[in-house]
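> Could you have a look at this structure, given as structure tokens, before my questions?
Protein chains in written order, with my numbering: chain E, 883 to 1419; chain R, 3 to 368.
Next comes the structure, spelled out in structure tokens:
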């Protein structure tokens, strides 16, 4: 006689207690409703006049897809090169380079865009400097090339390279791989070993990171908007604010949702295909002697960090010291007010990040211990993965207009948007943290007479705490940098640093964006430090 | 005597498995005894342990603990309700808690004022008093294991389950830890089920051994019974070095290459060929020009040499000699029965009876 199969489908003996199920289902419902509603409204949109004309639509598709793919590839190249040089070669100043490679996390892509525009646009700082020294004339160098796809790709690739660098470096740090040693003994050259042993080893981590970059690039709003690349996100935002064409915005959201879902499925499939071999016994790394190449490596890493860090930070600092013209002064905010905005912003984001982390605990638990039904509930709570920031904001506004007026109160829509948008990320990293705990630890706890609930909070939570902290740090960073949903959903009088950067910059007043940008980067340094601490524990 | 734990026709077959991991198992554990579940990997012994602990649910059959039903007909008591202590192979000590807190975790059902005393008692029982404030990573492997045992024994459960408790220790430590464990279990008067794949461990520590193979119980009995009177060829080979020599009934005796034997009791079939179970202490050999065997291999083991002898029939049997009685590969020897006790004979997979050598001979080496 078979034991009740419902019990097996919900995880058998490892099944989390009912309280966990109740919370997780609640979270899933909350995150799912806006997503479903957007799709319903989109499908119900009538008339082809709502859609943009076909050539424009095609351009949107091309731009969005190319941006996503090109950013991912370039980002992958940067991240993997950094990881290989830092973890698998005799690099000088390795500790410093480790920090430098992760620092782009603190710089929002739209900030890098602003700096790049200021420096490299026609009649920007660089051209003017060259002309003043009579090295070139205006128009000689095609600075206009930075607009559109090239500039957007470069910005996103450099800003998002930590998404690839961090996991690949983690894999390479595991220690010498037996396969690599055997290959070396058999006389294989370094390039051969790289291609046939190391690259397959890091492929899952690099692939996962590149998919994350693609998801981000698909959804990003700030960069294509500033660099004048029409993508789905900018088009949706435009319909939202310019023409107040909500149905059109919803309709445009559909392709984005489909593409994002496809990428998520791809990511799941990749993750399931056997990870890297982890060497359980520690052995010193097989590091490549660099010799003369040391100079080249330092130069390469230096160039990358100049582009990603030194140039933007330098520009921002330069602007902070610059005397301003009256029109620029007008859009400037006094430092005390700016610091107060910054402090509020950080406090708000810290609270919401904490709330989201707490909410993510129950779905994360269900993901691995809840059997087949648990997986479904957990994945449903990650519906927000499929909704870029702009679309999340849109769906909440649609719901509010339909009568869910109680949602419209103050900060609630914004908090909701942040939760829906970033909960999936939290569930994913919490899941990784929980997986570190051996099942026998929980089993022994229960065999000692403690209920599953007590084992969860007395044993599992304390042990997962470092992972929880790192997950919170990444959430904090993402929320601090968030732009489109904040622009659309913030109540009157509520400012964030991101908004204070965007407003002047989108009007061309770059210098006014410098102070809030610096403040944001400073605020982001603590979480980045937390992430680094977790990585190199 | 009332069994502490009893399993009746317990079967477990996960959906992903092609056959049952535990197949209609009947087992009983009596108060105060040490029962060893012995078998090769995949025999279902760890699964059986987990079924008793409540970490897995049987597909059919019944499990009772202390007379109360723990699992039957669709209902299964969760692990926390079963009062069964368990020691995992990786010890599973809570890394973020001190030794004292690890043990105290098990005593949550006892009144607070008693807990400290019980913790100290448990530590004294395993010989670790004074180490209470240490964290698990500050202890050696052997010490961690003792903490795991102390934690399982602290709430005085009727039975404690141990999964391969010695496999993580180095060989030099094992004998010592083994006899210590037996002493601890006797002092605590707790019944125990120990899972292992090592027959030498089983022989050393068990009151009774249950031999499992592919989910089925082959034989259950005292270590002496399993070693000297195995009921199947698998059991014979698993319990220790086993060789089988053909024997036929001829002229009033069971004749084999090593000598004649007298069957105890009647032979069921006078015409078939039987296989006599020979272990290396049952035979002896000496140099002989016209002997019945040749030495084909010799391995040094320290106190003795291990020899492989080839008989006229082509069969190879194993024997040992003290290190000061040296024989060379290729030497011709005379080998015959030396045992004065009954030897088991088999027909096919199963034991049919025993027979006593008629002319056992131990060679007096000068």
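Note that the Cβ used here is the ideal one computed from N, Cα and C, for glycine as well. Everything numeric in this text was worked out from a predicted model, so none of it was measured.
#1: Between residue 1 of chain R and chain E, is any beta-carbon pair separated by less than 8 Å?
#2: I'd like to know whether the C-beta of residue 1325 of chain E is nearer than 8 Å to at least one C-beta of chain R.
#3: Rounded to the nearest angstrom, how far is the Cβ of residue 352 of chain R from that of residue 233 of chain R, given a contact under 8 Å?
#4: So residue 31 of chain R is in the beta strand (DSSP E); what residue range does that whole segment cover?
#5: Taking the alpha-carbon positions, what's the residue 1122 of chain E to residue 1131 of chain E distance?
#6: Going by DSSP, what residue range makes up the alpha helix (DSSP H) through residue 283 of chain R?
#7: For a cutoff of 8 Å on Cβ pairs, would you count residue 895 of chain E as touching chain R?
#8: Determine the burial state of residue 1284 of chain E: buried for a count of at least 16 other Cβ atoms within 10 Å of its Cβ, exposed for fewer.
#9: For residue 93 of chain R and residue 894 of chain E, what's the separation of their Cα atoms in angstroms?
#10: Strictly below 9 Å CB to CB, what residues from chain E border residue 97 of chain R?
#11: Cα separation between residue 950 of chain E and residue 1035 of chain E?
#12: Is residue 1349 of chain E close to chain R? Criterion is C-beta to C-beta, closer than 8 Å.
#13: Taking Cβ-Cβ distances shorter than 8 Å, what residues in chain R pair up with residue 996 of chain E?
#14: Roughly how many angstroms separate the alpha carbons of residue 1106 of chain E and residue 1116 of chain E, rounded to a whole number?
#15: Which stretch, first to last residue, makes up the beta strand (DSSP E) that contains residue 320 of chain R?
#16: Quick check on residue 215 of chain R: does DSSP put it in helix, strand or coil?
#17: Leaving out five residues before and five after residue 3 of chain R in sequence, what residues of the same chain have Cβ atoms less than 6 Å from its Cβ?
#18: When you compare the CB of residue 1320 of chain E with every CB in chain R, is at least one pair closer than 8 Å?
#19: For the segment 1330-1344 of chain E, which residues have a beta carbon sitting closer than 9 Å to at least one beta carbon of chain R?
#20: Give the range of the alpha helix (DSSP H) segment to which residue 1248 of chain E is assigned.
#21: Looking at the secondary structure, which residues open and close the beta strand (DSSP E) in which residue 1347 of chain E lies?
#22: Would you tell me roughly how many angstroms separate the C-alpha atoms of residue 1240 of chain E and residue 1353 of chain E, rounded to the nearest one?
#23: Looking at chain E, is there any beta carbon in it that lies within less than 8 Å of the beta carbon of residue 267 of chain R?
#24: So, with DSSP's three-state summary, where would you put residue 1113 of chain E?
#25: Any idea which residues DSSP pairs residue 77 of chain R with across the strands?
#26: Between E:1381, E:1390, E:1333, which has its C-alpha nearest residue 85 of chain R's C-alpha?
#27: Strictly under 8 Å for the Cβ-Cβ distance: is residue 107 of chain R near chain E by that measure?
#28: Which residues in the same chain have their Cβ closer than 7 Å to the Cβ of residue 1350 of chain E, if we skip the five residues on either side of it in sequence?
#29: Only counting runs of 4 or more residues, tell me where the alpha helix (DSSP H) segments fall wholly within the segment 931-1002 of chain E, in order along the chain.
#30: Which of the three DSSP states is assigned to residue 103 of chain R in this structure?
#31: Report the option in E:963, E:1046, E:1414 whose CA atom is closest to the CA atom of residue 1185 of chain E.
#32: Does the beta carbon of residue 1328 of chain E come closer than 8 Å to any beta carbon on chain R?
#33: Here's the rule: buried if 16 or more other CB atoms are within 10 angstroms of the residue's CB, otherwise exposed. What is residue 966 of chain E?
#34: Can you tell me where the alpha helix (DSSP H) with residue 348 of chain R in it begins and where it stops?
#35: Between E:1380, E:1226, E:1394, E:923, which lies nearest to residue 1198 of chain E when the distance is taken from Cα to Cα?
#36: Return no unless some Cβ of chain E is closer than 8 Å to the Cβ of residue 57 of chain R.
Checking against the coordinates, here is how it stands:
#1: Since the first residue shown for chain R is 3 and the last is 368, residue 1 of chain R is missing from the structure and cannot be characterised.
#2: For the purposes of this step, residue 1325 of chain E is taken as the residue at position 443 of the first chain. Taking Cβ atoms only, chain R reaches closer than 8 Å to residue 1325 of chain E, which makes this a yes.
#3: Locating residue 352 of chain R in the second chain gives position 350, where the first residue counts as 1. Locating residue 233 of chain R in the second chain gives position 231, where the first residue counts as 1. Confirmed, Cβ separation roughly 7 Å.
#4: As a working mapping, residue 31 of chain R is identified with position 29 in the second chain. From DSSP, the beta strand (DSSP E) with residue 31 of chain R extends over 24-31.
#5: Taking the first residue of the first chain as 1, we reach residue 1122 of chain E at position 240. Taking the first residue of the first chain as 1, we reach residue 1131 of chain E at position 249. About 6 Å.
#6: Against the second chain, residue 283 of chain R aligns to sequence position 281. Note, residue 283 of chain R: premise wrong, no alpha helix (DSSP H); not H, not E.
#7: Translated into positions along the first chain, residue 895 of chain E becomes position 13. With 8 Å as the cut-off, residue 895 of chain E counts as an interface residue toward chain R.
#8: Here residue 1284 of chain E corresponds to residue number 402 of the first chain, with the count starting at 1. Flag for residue 1284 of chain E reads exposed.
#9: Here residue 93 of chain R refers to the residue found at position 91 when the second chain is read from its first residue. Here residue 894 of chain E refers to the residue found at position 12 when the first chain is read from its first residue. Those two C-alpha atoms are separated by around 23 Å.
#10: The count along the second chain starts at 1 and reaches residue 97 of chain R at position 95. Simply 1323, 1345.
#11: For the purposes of this step, residue 950 of chain E is taken as the residue at position 68 of the first chain. For the purposes of this step, residue 1035 of chain E is taken as the residue at position 153 of the first chain. So the two alpha carbons sit approximately 8 Å from each other.
#12: Taking the first residue of the first chain as 1, we reach residue 1349 of chain E at position 467. Residue 1349 of chain E does not count as touching chain R.
#13: Within the first chain, the letter at position 114 stands for residue 996 of chain E. By Cβ distance, chain R contributes nothing, its closest Cβ being about 45 Å from residue 996 of chain E, past 8 Å.
#14: Here residue 1106 of chain E corresponds to residue number 224 of the first chain, with the count starting at 1. Here residue 1116 of chain E corresponds to residue number 234 of the first chain, with the count starting at 1. Residue 1106 of chain E and residue 1116 of chain E: Cα-Cα distance of roughly 7 Å.
#15: As a working mapping, residue 320 of chain R is identified with position 318 in the second chain. Here the beta strand (DSSP E) through residue 320 of chain R covers 318-324.
#16: Position 213 of the second chain, counting from 1, holds the residue named residue 215 of chain R. Strand, per DSSP.
#17: Within the second chain, numbered from 1, the residue matching residue 3 of chain R stands at position 1. Cβ neighbours of residue 3 of chain R beyond the five flanking positions: 32.
#18: Walking along the first chain from the start, residue 1320 of chain E turns up at place 438. Output row for residue 1320 of chain E: interface = yes.
#19: 1330, 1331, 1332, 1333, 1334, 1336, 1337, 1340, 1341, 1344
#20: Residue mapping note: residue 1248 of chain E aligns to position 366 of the first chain, counting from 1. Counting along the chain, the alpha helix (DSSP H) containing residue 1248 of chain E begins and ends at 1217-1251.
#21: Mapped onto the first chain, residue 1347 of chain E falls at position 465. Per DSSP, residue 1347 of chain E belongs to no beta strand (DSSP E); it is in the alpha helix (DSSP H), 1343-1363.
#22: Counting from one through the first chain, the residue named residue 1240 of chain E turns up at place 358. Counting from one through the first chain, the residue named residue 1353 of chain E turns up at place 471. If you take the alpha carbons of residue 1240 of chain E and residue 1353 of chain E, they lie about 11 Å apart.
#23: On the second chain, residue 267 of chain R is found 265 positions in, with the first residue counted as 1. It does not: the Cβ of residue 267 of chain R has no partner Cβ on chain E nearer than 8 Å.
#24: Residue mapping note: residue 1113 of chain E aligns to position 231 of the first chain, counting from 1. Here residue 1113 of chain E sits in coil by DSSP.
#25: The sequence position of residue 77 of chain R within the second chain is 75, counting from 1. Its beta-bridge partners are R:74.
#26: In the second chain, counting from the first residue as 1, residue 85 of chain R sits at position 83. If we check each option's Cα against that of residue 85 of chain R, E:1333 comes out closest.
#27: Your numbering for residue 107 of chain R matches position 105 in the second chain. Yes, its Cβ sits closer than 8 Å to a Cβ of chain E.
#28: By 1-based counting over the first chain, the position of residue 1350 of chain E is 468. Taken in chain order, the residues that qualify are 1239, 1312, 1315.
#29: 936-970, 976-984, 991-1002
#30: Translated into positions along the second chain, residue 103 of chain R becomes position 101. It is helical.
#31: Indexing the first chain from 1 puts residue 1185 of chain E at position 303. Taking only the C-alpha atoms, the option nearest residue 1185 of chain E is E:963.
#32: As a first step, residue 1328 of chain E is located in the first chain; it is residue number 446 there, counting from the start. At least one chain R Cβ lies under 8 Å of residue 1328 of chain E.
#33: As a first step, residue 966 of chain E must be located in the first chain, where it is residue number 84. Buried.
#34: On the second chain, residue 348 of chain R is found 346 positions in, with the first residue counted as 1. Here residue 348 of chain R belongs to no alpha helix (DSSP H); instead the beta strand (DSSP E) covers 345-349.
#35: In the first chain, counting from the first residue as 1, residue 1198 of chain E sits at position 316. Taking only the C-alpha atoms, the option nearest residue 1198 of chain E is E:1394.
#36: For this step, residue 57 of chain R is matched to residue 55 along the second chain. It does; some Cβ of chain E falls within 8 Å.
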